[in-house]
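Written below as structure tokens is the structure these notes are about.
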């Protein structure tokens with residue numbers, strides 16, 4: 001995860017509609033956000049091992065180095081051939097694969113699938129030098145469709161413009177470092193991280209002007225946070241109908257450490273990018 005130091009015409013629309021439906025909106029028809037294996041949702045104080053395959057849209061983005069695949073970021077499966085992750089996770093010079101259906105990264109697991117990307121689509125306004133400008137979102141088109149199963153399901157995209165209230169209970173998931181400077185986790189981790197509203201998170205002693213309305217904060221208690229390796233992964237929040245939605249893409253944490261008080265983990269707010277997601281999937 002990145003760190004910041006503190007301080008058309010009707011015809012076109014008619015033609016596009018079924019394609020858009022086949023992108024983000026198709027997830028609803030396929031029962032997105034309702035994992036066959038229910039996740040643990042007790043109010044744990046710190047991160048814990050997730051129940052295996054209870055967050056079945058979580059993926060591991062891995063890159064090839066010295067003939068070895070290495071986990072670098074998380075992401076969310078939002079269609080059978082599309083993954084949503086963070087722009088800062090993508091380096092065009094690297095070779096990647098997407099692993100779906102994983103719980104333990106070092107073991108061979110039934111139902112898991114490793115797929116090579118066909119195309120990497122990074123938001124055109126993403127600037128890797130100025131992380132706080134936002135637009136930290138990318139899509140990965142897979143070279144083949146995944147097979148949905150109990151271990152592999154689609155994540156739901158929230159309705160456009162949705163903003164969660166302060167202290168709304170959400171869960172961050174990933175294989176990131178268990179502590180600042182610590183090791184990457186073997187098993188998928190989860191942690192309860194309540195939302196911190198924009199009014200609070202943009203206060204001078206929190207994130208101040210570094211925070212934009214296209215972002216969402218979660219955590220900030222100094223105990224639980226996303227960390228390196230969690231980048232690109234989902235902030236999972238259950239809606240009133242009991243369906244899990246991916247409201248955030250893990251973007252950055254404080255340069256003071258992963259879990260620093262009043263420096264919540266900052267996520268790209270997915271509901272700000274519905275149109276971009278649809279257009280990217282339609283045009284690619």
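Numbering (the UniProt record's numbering), first residue to last: 1 to 284.
Heads up, the beta-carbon is just placed ideally off N, CA and C, and yes, glycines get one too.
With the rule of 3 Cβ pairs closer than 8 angstroms, the stretch 85-98 does not count as touching the stretch 156-164.
Secondary structure note for residue 85: its beta strand (DSSP E) is the uninterrupted segment 82-85.
Counting only runs that start and end inside the stretch 103-133, the beta strand (DSSP E) elements of at least 3 residues fall at 113-115, 117-122. Of the residues 104, 216, 82, the one whose Cα lies closest to the Cα of residue 49 is 104.
In this chain, the beta strand (DSSP E) harbouring residue 236 covers 234-238. Residue pairing by DSSP places residue 187 opposite 104 in a beta bridge.
Counting along the chain, no alpha helix (DSSP H) covers residue 193, and no H or E run does either. Look at the beta carbons and you see the stretch 68-85 touching the stretch 140-147: at least three pairs across the two are nearer than 8 angstroms. In the DSSP assignment, residue 254 falls within the unbroken beta strand (DSSP E) covering 244-254. Here residue 202 carries a coil assignment [DSSP, helix/strand/coil].
Taking 8 angstroms as the cut-off, the beta carbon of residue 154 is found closer than this to the beta carbon of residue 57. By the C-beta density criterion, residue 64 is exposed, having fewer than 16 other C-beta atoms within 10 angstroms. Put simply, the backbone Cα of residue 205 is about 41 angstroms away from that of residue 282. Within the stretch 48-95, the complete beta strand (DSSP E) segments of 3 residues or longer fall at 58-65, 68-79, 82-85, listed in chain order.
A Cβ-Cβ distance of about 4 angstroms is found for the pair residue 101 and residue 152, placing them in contact under the 8 angstroms criterion.
Per DSSP, the unbroken alpha helix (DSSP H) holding residue 280 starts and ends at 274-283. According to the DSSP assignment, residue 266 belongs to the beta strand (DSSP E) that extends over 265-269.
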